[in-house]
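First up is the structure itself, then whatever we jot down about it.
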């Protein structure tokens, strides 16, 4: 499952904290893949459909996505709620993961 972050360049303190949290998730689960994009630069790898759709509407830095779904900014500091979202997305099965 893909995790995506859109961070400031250079990353702010908030961006770095979110990046560390998501790297922790990836280290705990080999089925997770983290893609990091930086504001103002072209994405070097294809993004998820959900990321593209959201970015075309609004850009707020930092932005986090799990399986192509944006994570509300108010949850960015709540590791347990983000873990719950991850668990929910895993329960849907690999055939429902956005690539």
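Numbering (this note's numbering), first residue to last: 178 to 276.
Cβ coordinates follow ideal geometry from the N, Cα and C atoms, glycine included.
These numbers were taken from a predicted model, which means no experiment stands behind them.
- Annotation note: the stretch 235 to 268 contains the following uninterrupted beta strand (DSSP E) runs of length 3 or greater, listed N- to C-terminal: 240 to 243.
- Less than 8 Å separates the beta-carbon of residue 184 from that of residue 238.
- Short of 7 Å from the beta carbon of residue 262, and not among the five residues preceding or following it, lie these beta carbons of its own chain, in chain order: 243 and 248.
- When the Cα atoms are used, residue 195 and residue 254 turn out to be separated by approximately 8 Å.
- Note on residue 251: under 16 other CB atoms within 10 angstroms of its CB, so exposed under the neighbour-count rule.
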